[in-house]
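A.B. asks: If you're matching them up, the sequences are chains A and B in order.
Going by this note's numbering, 30 is the number at position 30 of the first sequence; the sequence numbering is gapless.
Numbers given in this note's numbering equal positions in the second sequence, counted from 1, plus 304.
All C-beta atoms, glycine included, are put in the ideal place defined by N, C-alpha and C.
The model shown is predicted, which means the values in this text are computed figures rather than measured ones.
Sharing a structure here in structure tokens format.
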Amino acid sequence: MARLTHPPRPWRGAVLLVAGAYFAVPLLASLVFTVDVPGQGFTLGSYTQIFAADGFTAALLRSLGLALATVALALFLTVPAALAVRLSGSGRLRAALEVVCTLPLVVPPVALVAGLGTVLKWGPDHLATTPLYETFVAIQNPSFPLVLVFAYVVMALPFVYRSLDAGLRAVEVRTLVEAARDLGASWPRALFAVVLPNLRTALLNASFLALALVLGEFTVASLLGFQPFAVWIVQASGANAQLSVAVSLLSLLLTWGLLLVVTGLARTRGATGRPARTTRPLASSAHTRTTRTTRTTRRKEAVR
Amino acid sequence: MTISITSTPRTTTAVERPKGRRSRRRPGAWLAALPLLAFVALAFGLPALAMLNGALSVDGAYGLATMSQSVHGAYRTALLGSVKLSATTAAIAAVLGLLLAQAVVTSRGTALREAVLTASGVLANFGGVPLAFAFVATLGNAGVLTTELGLTDHGWSLYSFWGLALTYLYFLVPLMVLTVAPALDGLRPQWREAAQNSGASAWQYWRHVGIPVLLPTLLGGFVLLFGSAFAAYATAASMVGSSVPLVTLQIADALSGNVLVGQENVALALSLDMVIIALLVMAVHLPLQRRSARWLA
């Protein structure tokens, strides 16, 4: 577009260069830090030690389990709600859900954990004689703390819901459902065979956001006294600085890999969406798609 | 809230086309959302109420003494420190993010654009502990750059306000790029052409067209970054310990019993302070978002 009118822009190269340096240097320096150990010279020891390190596997598996449980619960709760908004067209429900799914943004994780810790203390303090006490103990089981899943679902809710909502706007859900129903599909079949496959990109984006959030989460877990991956890294850093930096680098690679997998899945199998958009997983990335589709919805409302 | 919820289906049915199948589904819509609403009430509402209750109670009765304690002395320093750090980093990141996004959006190749946006998506999520360790390895006391360049002799310390600010920029700038890139895409080439045809310079175009249209997005982005920096705890906790006063570190200290017994309520009061600040910031954000949507739609 308008290429002729653009004069050459030297500032652009400078900006990209400075930004590239700023973002690359810490990663490269970390790599150097882990392979060039003072007194030992070049060594890959920090990386080979990781898997033998005490508690590494348990912490990683715990984090992965928490992440999968969070994704499952978050989707189980938000998908029906988001679908209901689109299918019923109820403005009240939309507004209520938008408020409910924005509220967690206002409460920082530290504040959430402060309140959560207070609630958990009710268990031993007030409920010790009631059956609820068992529940309180059960959700705080250190090997799989369900209470963390609850907290993570709350924290992921704004991003998951927005990602789903944006995906739903790009698809004519109501038309799809009515077409499927008119062709004789049952309700479950219309949902699982028609609607959900069309939402693959949105579902993958939402899952990625929740996964990334849980795998890197430190605040809630450490303050409630549990030990998933991020908390383990900090505790390991006391004994071996190289090791913890090596794990940090690996966790970035893990996130990157996860993102590529999600993008790849969306690109190869989700032929419906606009694949180029899926490379931007944050909720804000949905913005362009949203604005484009709101115009069509607005037009439709005007017709009505 | 639940009371208003149950009465809504009737009011909306009248507006819809009277289609049998659809109107029968109407109560079902609220039913489908019920698990979500119930979950949020339990997992979010209960802790929020506990926070309110604890922050507003003093020795078993309700009062504002705890709240007032939470905005004085060391707590005041921590609150101001958090606000100062968040505002500074958010402002710097907003400007840098805008520059970077503009450089990427106006570039000819789509490869660069895709690469930068994908990287931004990853780096914006690269917060917390790993980020802190990457910076410790780079610019900490025994960091690679610190020892190579002898930065300690020049008075550099990562465990300071500016050290923390430099670290926060690492996830704030990508976040700003993600926020502002769609808005920059929305700036129509015709607007610039119209300005040029009318004899406007590049500066005049930005001064009178570009920036005014982008302003809501920029301010909204600033608010988003402020919120992220304000809520951040893991990076600061695993990097600086408590050498920089921050409200999140104070809350964590009070929660883990590093202070006097009976300070849990102060932690809750500080949390409420944070929520109030976040609410104020949100209140600015939402109307701005609506305004920018009008122009860039």
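1. Could you tell me whether any Cβ in chain B is nearer than 9 angstroms to the Cβ of LEU252/A?
2. Do we get a CB-CB distance below 9 angstroms when we pair ALA498/B with the residues of chain A?
3. Who does ALA366/B pair with in a DSSP beta bridge?
4. Can you check DSSP and say which residues form a bridge with GLY41/A?
5. Please state the DSSP three-state secondary structure of HIS458/B.
6. Does any residue of chain B have a CB that is nearer than 9 angstroms to the CB of ALA233/A?
7. For the candidate residues THR34/A, ALA74/A and ALA230/A, whose alpha-carbon lies nearest to that of PHE343/B?
8. Just how far apart, CA to CA, sit PRO142/A and PRO228/A?
9. Could you tell me the boundaries of the alpha helix (DSSP H) in which SER546/B lies?
10. Going by alpha carbons, who is nearest to THR175/A out of GLN49/A, SER88/A and PHE23/A?
11. Go ahead and pull the three-state DSSP assignment for PRO10/A.
12. Between the Cα of ASP577/B and the Cα atoms of THR70/A, THR129/A, ALA114/A and TYR152/A, which residue gives the shortest distance?
13. What do you reckon, are the CB atoms on LEU224/A and GLY117/A nearer than 9 angstroms?
14. Using a cut-off of 7 angstroms between C-beta atoms, extract the partners of MET371/B located in chain A.
15. Rounded to whole angstroms, what's the CA-CA distance from ALA271/A to ALA206/A? Just pull it up for me.
16. Would you please verify whether the beta carbon of ALA535/B is less than 9 angstroms from any beta carbon of chain A?
17. Go through the stretch 466–529 of chain B residue by residue and report every complete run of the alpha helix (DSSP H) that reaches 4 residues or more, in order.
18. Give the DSSP-derived three-state secondary structure of ARG412/B in the structure shown.
19. Which residues in chain B sit within 9 angstroms of LEU168/A, going by Cβ to Cβ distance?
20. In the DSSP assignment, find the unbroken alpha helix (DSSP H) run with TYR133/A in it and report its ends.
21. Can you find the residues in the same chain that come closer than 6 angstroms, C-beta to C-beta, to ARG62/A, ignoring five residues on each side of it along the sequence?
22. Can you list, in chain order, the residues of its chain with a C-beta nearer than 8 angstroms to that of ALA535/B? Leave out the 5 residues immediately preceding and following it.
23. When you compare only the Cα positions, how much space is there between VAL85/A and ASP165/A?
24. State buried or exposed for ILE555/B, treating a residue as buried only when at least 16 other CB atoms are found within 10 Å of its CB.
25. Are there three or more Cβ pairs, one per stretch, closer than 8 angstroms when the stretch 503–512 of chain B is compared with the stretch 411–423 of chain B?
26. If contact is defined by three or more beta carbon pairs under 8 angstroms, each pair taking one atom from either stretch, is the stretch 393–401 of chain B in contact with the stretch 517–526 of chain B?
27. Which value, in whole angstroms, describes the spacing of the CA atoms of GLN465/B and THR442/B?
28. Cβ closer than 7 angstroms: which chain B residues qualify as neighbours of LEU77/A?
29. Would you check if there are 3 or more beta carbon pairs closer than 8 angstroms linking the stretch 178–196 of chain A to the stretch 32–48 of chain A?
30. Since LEU116/A meets chain B, which of its residues come closer than 7 angstroms, beta carbon to beta carbon?
31. At a Cβ threshold of 9 angstroms, is PHE437/B touching chain A?
32. Could you work out which residues of chain B lie near GLY238/A, taking near to mean beta carbons separated by less than 8 angstroms?
33. Quick one: which chain B residues come within Cβ less than 8 angstroms of THR255/A?
34. Between which residues of its own chain and ALA369/B is the CB-CB distance below 6 angstroms, once the five residues before and five after are set aside?
35. Could you tell me which of PHE218/A, VAL15/A and VAL173/A sits nearest to LEU148/A, measuring between CA atoms?
36. Inspect the beta-carbon positions of PHE348/B and LEU103/A and report whether they are closer than 9 angstroms.
C.D. replies: Let me spell this out:
1. Taking the first residue of the first sequence as 1, we reach residue 252/A at position 252. Among the CB atoms of chain B, one or more fall inside 9 angstroms of the CB of LEU252/A.
2. Residue mapping note: residue 498/B aligns to position 194 of the second sequence, counting from 1. Cβ-Cβ to chain A under 9 angstroms: no for ALA498/B.
3. Start at 1 with the first residue of the second sequence, and residue 366/B comes out as number 62. The displayed chain sequence assigns Tyr, not Ala, to residue 366/B. TYR366/B pairs with SER361/B.
4. In the first sequence, counting from the first residue as 1, residue 41/A sits at position 41. DSSP lists VAL37/A as the bridge partner or partners of GLY41/A.
5. Position 154 of the second sequence holds residue 458/B. Looking at HIS458/B - three-state DSSP - the assignment turns out to be helix.
6. In the first sequence, the residue the question calls residue 233/A occupies position 233. Strictly speaking, residue 233/A in this sequence is Ile, with Ala absent from that position. Using a CB distance cut-off of 9 angstroms, ILE233/A counts as an interface residue toward chain B.
7. For the purposes of this step, residue 343/B is taken as the residue at position 39 of the second sequence. Proximity to PHE343/B across THR34/A, ALA74/A and ALA230/A peaks at ALA74/A, based on C-alpha coordinates.
8. Working through the first sequence from its first residue, we reach residue 142/A at position 142. Working through the first sequence from its first residue, we reach residue 228/A at position 228. Distance from the CA atom of PRO142/A to the CA atom of PRO228/A, rounded to whole angstroms, is 10 angstroms.
9. Walking along the second sequence from the start, residue 546/B turns up at place 242. Looking at the DSSP string, SER546/B is not in any alpha helix (DSSP H), and its letter there is neither H nor E.
10. As a first step, residue 175/A must be located in the first sequence, where it is residue number 175. Cα-wise, what sits closest to THR175/A is SER88/A.
11. As a position in the first sequence, residue 10/A is number 10, starting the count at 1. Reduced to three states, the DSSP call for PRO10/A is helix.
12. Here the question's residue 577/B lines up with position 273 in the second sequence. Per the Cα distances, ALA114/A.
13. Position 224 of the first sequence, counted from the start, is the residue given in the question as residue 224/A. Position 117 of the first sequence, counted from the start, is the residue given in the question as residue 117/A. Their beta carbons are under 9 angstroms apart, which means LEU224/A touches GLY117/A by this criterion.
14. Taking the first residue of the second sequence as position 1, residue 371/B is located at position 67. Chain order gives no chain A residues near MET371/B, where near means a beta carbon separation below 7 angstroms; the closest approach is about 14 angstroms.
15. Counting from 1 along the first sequence, the entry for residue 271/A is found at position 271. Counting from 1 along the first sequence, the entry for residue 206/A is found at position 206. Annotation note: pLDDT 43 at ALA271/A (below 50); position unreliable, no value reported.
16. The residue you call residue 535/B lines up with position 231 of the second sequence. Answer yes: the Cβ-Cβ gap between ALA535/B and chain A drops below 9 angstroms somewhere.
17. Listed in chain order, they are 493–501 and 506–509.
18. The residue given as residue 412/B occupies position 108 in the second sequence. The DSSP-derived three-state label of ARG412/B is coil.
19. As a working note, residue 168/A is residue 168 in the first sequence. Here the premise fails: no neighbours, minimum Cβ distance about 13 angstroms.
20. Looking up residue 133/A in the first sequence gives position 133. Annotation for TYR133/A: the continuous alpha helix (DSSP H) segment containing it runs 132–138.
21. Taking the first sequence and counting its residues from 1, the one referred to as residue 62/A is at position 62. For ARG62/A, where only same-chain residues beyond five positions count, the Cβ hits under 6 angstroms are PRO228.
22. The residue you call residue 535/B lines up with position 231 of the second sequence. So the list reads THR552, MET578 and ALA582, once near-sequence residues are dropped.
23. Position 85 of the first sequence, counted from the first residue, corresponds to residue 85/A. Position 165 of the first sequence, counted from the first residue, corresponds to residue 165/A. One Cα belongs to VAL85/A, the other to ASP165/A, and the distance between them is close to 9 angstroms.
24. Translated into positions along the second sequence, residue 555/B becomes position 251. Buried, by the Cβ-count rule.
25. Three or more beta-carbon pairs separated by less than 8 angstroms are not found between the stretch 503–512 of chain B and the stretch 411–423 of chain B, which leaves the two stretches without contact.
26. Because the criterion of three Cβ pairs below 8 angstroms is met, the stretch 517–526 of chain B and the stretch 393–401 of chain B touch.
27. The residue given as residue 465/B occupies position 161 in the second sequence. The residue given as residue 442/B occupies position 138 in the second sequence. It is worth fixing the name first, because residue 465/B is Phe in this sequence and not Gln. Taking the Cα positions, PHE465/B is about 17 angstroms away from THR442/B.
28. The count along the first sequence starts at 1 and reaches residue 77/A at position 77. By Cβ distance, chain B contributes PRO339, LEU340 and PHE343.
29. With a cut-off of 8 angstroms on Cβ pairs, the stretch 178–196 of chain A is not in contact with the stretch 32–48 of chain A, counting fewer than three such pairs.
30. Residue 116/A sits at position 116 when you count from the first residue of the first sequence. Residues of chain B with a Cβ closer than 7 angstroms to the Cβ of LEU116/A are, in chain order, PRO351.
31. Position 133 of the second sequence, counting from 1, holds the residue named residue 437/B. Yes, because at least one Cβ of chain A sits closer than 9 angstroms to the Cβ of PHE437/B.
32. Numbered from 1 along the first sequence, position 238 holds the residue referred to as residue 238/A. For a Cβ distance threshold of 8 angstroms, nothing in chain B lies close to GLY238/A: the least Cβ distance comes to about 11 angstroms.
33. Taking the first sequence and counting its residues from 1, one reaches residue 255/A at position 255. Correct list: VAL426, ASN429 and PHE430.
34. By 1-based counting over the second sequence, the position of residue 369/B is 65. Counting only residues of its own chain and dropping the five nearest sequence neighbours on each side, ALA369/B has a CB closer than 6 angstroms to the CB of VAL362.
35. As a first step, residue 148/A must be located in the first sequence, where it is residue number 148. Ranking the options by Cα distance to LEU148/A, first place goes to PHE218/A.
36. Translated into the one-based positions of the second sequence, residue 348/B becomes position 44. Translated into the one-based positions of the first sequence, residue 103/A becomes position 103. Yes.
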